[in-house]
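Chains as they are written, first to last, in my numbering: chain A, 1 to 610; chain B, 611 to 718; chain C, 719 to 1055. The C-beta atom is built at its ideal place from N, Cα and C for all residues, glycine as well.
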């Protein structure tokens, strides 16, 4: 191959160069900003992770798996996954092979950014070689791959249902500019390379295009208009990239090492949060996931729009969205990047002062022992914390005590004379410092009781005891786990009934703590468990969550109705819940019975013959 | 002037004419359901902190309606935001948001 | 010419309306889903304000049922409109052609177990107003054992967004006072508390009932809502409420708690409404043409309402509405001819 022009330059490369340099500068400044905004201990964590082979291995795996191949999207819908990975991987290969071509044939131009991109214009074929044909074939092949993805992307804009998405995000004006210029890039590349394929070489895709042009024009390779168009499309795309959703392309590369180093969100718009905010591709998967999307008006409260408002620095609007969120976590779980939506919103809530200085000093005056009452029978010692909600759903506490008594457990009621709240409602509203007083008091009571096991019947309390208390040497158990263990060991014996029950995964227990199987195993001993339409990590929030500060009664009612519809898809006889708040919320609106897990177990214990 | 040994004590009547309800209007804008309250007392009866202190949301809201906030607002410092009041309220008032809004607007 | 009038519901409204319609010269056909006539009224013992016997009222109502075809233990399967006639199919297979229909379907009792914090069905000594009336009739209820401290909780399932019923059930306040006085007669040494939000003593002699409850029977009134009920080690109930007038939460240990369950709309209302085109209000009860001037007429020609089907009502109001509906039906037939 030889160069067509001695200068190795043409003015049409300028739009591309301007765009490229702009984007590179923006990304470098962005990385510096993020690094500076990280706290020192997070920076040290990051440096350590970069020399840790296990974590670096995970980084490489994620770079390929998430950034290029979009594996998570494939799992959700194969067409959607193909569309994204064909564009991402195809474009990556085009750039890579373009650089290989440049280094093979004209290494002295290797330092120029534009040369590999516009290789077919600047180089002419002297004599066909096998290596050359192979490279041309690969370039055309990957161009075809990308074009197929672009066609699917165009279809998705008009018929998103074909890709398995019920709804898609609303685009801003700059998003549209970016989108249309992205769509234009590859067809323009095909046309441009088609103009020069007679001289610069090509393969199965570009050569037929060249024949078409050659039949109209005598020397198509001298027409630079198509190359101008291609360069302008590229330049436009890169100039708008930092202001559109396409910033996720570079941002995700930066996010992955930060996430794998174990760094988490601390401030709402700085540091790690900045990396996450820009990694959001506005794909819209969170729209269908959010339980508030049952109302069309609720769509504007989803994570994708929250992120948009934070990026625009529209704090009042972002705060309004953050205050409405149920904090159920479903958007995070389904997000292809697993953006920590709850942490982002929590960090914004923490910034609010609410002008209040809580005073929990009255707790110090309460003697620990005055709250507890022991019911000693001699056996495994357990401290049972029923929680604030349980006095509004007395059947739970009653059933738990029935089971514990039958099992011969020596248990102490931690809050029979008054409850000190576990602190999670305070934590969820961003009041972390204030919650510490409650946590300290409860820790004192727990330690003083001397019990090795803390049993809780509320999913919300369980999550907080696990995550926010550090109870050395004390095992915190949720009653679903504990009763399953008791049944497994044969301490309690259960009888199987003929009815069909469905189990609702509470947000805090399922997505929050990863407990999905223990309750199902226990329930399978007493009933025929039928599945809900969506369950486990895709279960739909009951709507009663304390995470939301501003949802109205009517809005919650609609969310509950939707959740009940999901649960009753297979016509069960009753809904089984493992959280008193879920139970209270469902029993208000459910036509079928709503029973608590402990109630089901207690009702079906086999009497021992004396 | 002869000192008769007594003076006029201020009347314990609440003068509604002089009550300053501007902050209460702001509260109703932030939480429109606040005015639905019928002072039934469910909130105070189920209050977790009410076992240990004299927190009484019903009383606070009623006093705010009369412009008598000074004495009752400090009670809210003891609130644990646990949400039991929200569950039992028969008017469907979002009590947790109400408490946070009161704190924000009245600047206790 | 003899016209058929289908009357759905054999409670006091249905029975009274049937008699009047028969007296006007038309043919009433009465259908009732339970196995006996009388509706909820048949379960009660004495009526306020003067303590009249329900049995006597019922026997006066049913004393003259000649010429009225009544079907008990029967449900409506479907109603279809055929020109200006209605064709109704019963669950026993009979089909009836009616020139007019009267909905006297009444109400359902609010299921008190839905208010779990009160512990109905969970604790041993929590009963409803209906259970108490049954106790007065039969003298037997294992949950009532020589109670020394008794509580009555007003507004259970009424005026409560969380229970799904925003409306006031009208009659429970007077009922609570009546029952409290009756309990004091049975157990003169008992201390009785009524936990109310408002006392709705709107009818004639109701205020006197209230005065008697205080002065003659010594019943205590606490203005505040009960929030939680729990059990102590002896199985007695520990009731937590707020005394809003004193301004502090209170706690009492009781031997019996009576929940005044309110009136809820019937579960079948939406189905019947969709078959016949009558309107249902936001609260679930049927909505007549308007609530002041034509409260017995529906939005569908030839369909009328009487009694608690259009909202909570007292017995005299129900009986008067039944008579008014019968007259409205008679007028309707006159205009047709």
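(message) Output needed in chain order: residues of the stretch 805-838 of chain C with a Cβ under 7 Å from some Cβ in chain A.
(response) Along the stretch 805-838 of chain C, going in chain order, the ones with a CB nearer than 7 Å to a CB of chain A are 832, 834, 835, 837.
*Does residue 504/A come within less than 8 Å of chain C when only Cβ atoms are used?*
Against chain C, the CB of residue 504/A has no partner CB under 8 Å away; the residue lies outside that interface.
Practice item. Kindly indicate if chain C contains any beta-carbon less than 8 Å away from that of residue 655/B. Key: It does; some Cβ of chain C falls within 8 Å.
Q) In whole angstroms, what is the alpha-carbon distance linking residue 851/C and residue 597/A? A) When only Cα atoms are considered, residue 851/C and residue 597/A end up about 35 Å apart.
Practice item. Could you check if residue 398/A is buried or exposed, using at least 16 other CB atoms within 10 Å of its CB as the buried criterion? Key: Per the 10 Å Cβ criterion, buried.
Taking the beta strand (DSSP E) that residue 520/A belongs to, which residues open and close that run?
For residue 520/A, there is no enclosing beta strand (DSSP E); the residue is part of the alpha helix (DSSP H) that begins and ends at 517-524.
For this session: Throw me the rounded Cβ distance for the residue 438/A and residue 421/A pair, which I believe falls under 8 Å.
Result: At roughly 6 Å, the Cβ-Cβ gap stays under 8 Å, so residue 438/A and residue 421/A are in contact.
| So which of 17/A, 79/A, 1/A, 531/A has the shortest CA-CA distance to residue 237/A? | The shortest C-alpha separation from residue 237/A is found at 17/A.
Along the chain, where does the beta strand (DSSP E) that runs through residue 501/A open and close? Per DSSP, residue 501/A belongs to the beta strand (DSSP E) from 500-503.
Does DSSP classify residue 410/A as helix, strand or coil? Residue 410/A: strand per DSSP, three-state reduction.
Original post:
What do you get for residue 475/A, buried or exposed, if any count of 16 or more other CB atoms within 10 angstroms of its CB means buried?
Top reply: Counting the other Cβ atoms within 10 Å of the Cβ of residue 475/A gives fewer than 16, which makes it exposed.
Next on the checklist: Tell me the residue span of the beta strand (DSSP E) that contains residue 873/C.
Outcome noted: That run of the beta strand (DSSP E) goes 867-874.
query = Within 8 Å (strictly less), CB to CB, does residue 882/C reach chain A?
reply = Yes - at least one Cβ of chain A is within 8 Å of the one on residue 882/C.
ask   = Which word fits residue 649/B, buried or exposed, when buried means at least 16 other C-beta atoms lie within 10 angstroms of its C-beta?
value = With a threshold of 16 other beta carbon atoms within 10 Å, residue 649/B meets it and is buried.
Residue 353/A, DSSP secondary structure in three states = Under the three-state reduction of DSSP, residue 353/A is assigned to coil, being neither helix nor strand.
query: Going by beta carbon distance, what residues of the same chain come within less than 8 Å of residue 971/C, once the five residues before and after it are set aside?
result: For residue 971/C, where only same-chain residues beyond five positions count, the Cβ hits under 8 Å are 867, 950, 954, 955, 956, 957.
Check your understanding: Should the stretch 510-527 of chain A be called in touch with the stretch 543-556 of chain A, which here means at least 3 C-beta pairs below 8 Å?
Key -> By the C-beta criterion, the stretch 510-527 of chain A is judged not to be in contact with the stretch 543-556 of chain A, since fewer than 3 inter-stretch pairs fall below 8 Å.
- prompt: Among 102/A, 411/A, 369/A, 175/A, which has the Cα closest to the Cα of residue 386/A?
  reply: For residue 386/A, the closest alpha carbon among the candidates 102/A, 411/A, 369/A, 175/A is that of 411/A.
Review point. Looking at residue 652/B and residue 943/C, is the spacing between their C-beta atoms short of 8 Å?
Key: Yes, the Cβ-Cβ distance between residue 943/C and residue 652/B is below 8 Å.
Worksheet item: Within the chosen definition, does the stretch 116-132 of chain A reach the stretch 195-209 of chain A through at least 3 CB pairs nearer than 8 Å?
Response: Taking 8 Å as the limit for Cβ pairs, the verdict is that the stretch 195-209 of chain A does touch the stretch 116-132 of chain A.
Open item on the list: So residue 989/C contacts chain A; which residues on that side make the cut at Cβ distance below 9 Å?
Closed with: Under the 9 Å cutoff, chain A gives no residues; its nearest Cβ is about 13 Å from residue 989/C.
Exposed or buried, what is residue 610/A when buried is set at 16 or more other beta-carbons lying within 10 Å of its beta-carbon? Residue placement at residue 610/A is poorly supported in this model, since its pLDDT is 43, which falls under 50; the coordinates are not used for a value here.
| said: At 4 residues or longer, what runs of the alpha helix (DSSP H) sit wholly inside the stretch 146-185 of chain A? | reply: Correct list: empty.
Does chain B have any CB closer than 8 Å to the CB of residue 560/A?
No, no contact with chain B.
Beta carbon of residue 739/C, beta carbon of residue 724/C: below 8 Å? With contacts defined as CB atoms closer than 8 Å, residue 739/C and residue 724/C fail to qualify as a contacting pair.
Proximity of residue 816/C and residue 803/C at Cβ, strictly below 8 Å: In contact: residue 816/C and residue 803/C (Cβ atoms closer than 8 Å).
query = Which class does residue 912/C belong to by DSSP, given the choice of helix, strand or coil?
reply = Reduced to three states, the DSSP call for residue 912/C is strand.
**Request:** Taking only the alpha-carbon atoms, compute the straight-line gap between residue 916/C and residue 317/A and give it to the nearest angstrom.
**Result:** In a straight line, the C-alpha of residue 916/C is about 41 Å away from that of residue 317/A.
**Prompt:** What does DSSP give as the partner residues of residue 300/A in its beta bridges?
**Reply:** BP columns for residue 300/A are empty, so no partner.
Suppose the cutoff is 6 Å on Cβ atoms and the five residues either side in sequence are ignored; what does the same chain contact list for residue 226/A look like? These residues qualify, in order along the chain: 191, 192, 195.
> Taking Cβ to Cβ, would you say residue 1003/C is nearer than 8 Å to residue 1029/C?
Replying inline: By the CB criterion at 8 Å, residue 1003/C and residue 1029/C fall inside the cutoff.
* **Local Cβ density within 10 Å of residue 937/C, reported as buried at 16 or more and exposed below that** => Residue 937/C comes out buried.
message: Just to confirm my understanding: we take residue 264/A, look at its own chain, exclude 5 residues before and 5 after, and list those with CB closer than 8 Å. What are they?
response: When the five nearest sequence neighbours on each side are left out, the beta carbons in the same chain lying within less than 8 Å of the beta carbon of residue 264/A are those of 272, 340, 343, in order along the chain.
query: How would you label residue 906/C, buried or exposed, when you count the other beta carbons within 10 angstroms and need 16 or more for buried?
result: Burial state of residue 906/C is exposed, judged by a 10 Å Cβ sphere holding fewer than 16 other Cβ atoms.
Please report how far the alpha carbon of residue 662/B lies from the alpha carbon of residue 769/C, in whole angstroms. Near 45 Å, if we compare the C-alpha coordinates of residue 769/C and residue 662/B.
Could you please give me the residues that DSSP links to residue 960/C through a beta bridge? Residue 960/C has 967/C as its beta-bridge partners, per DSSP.
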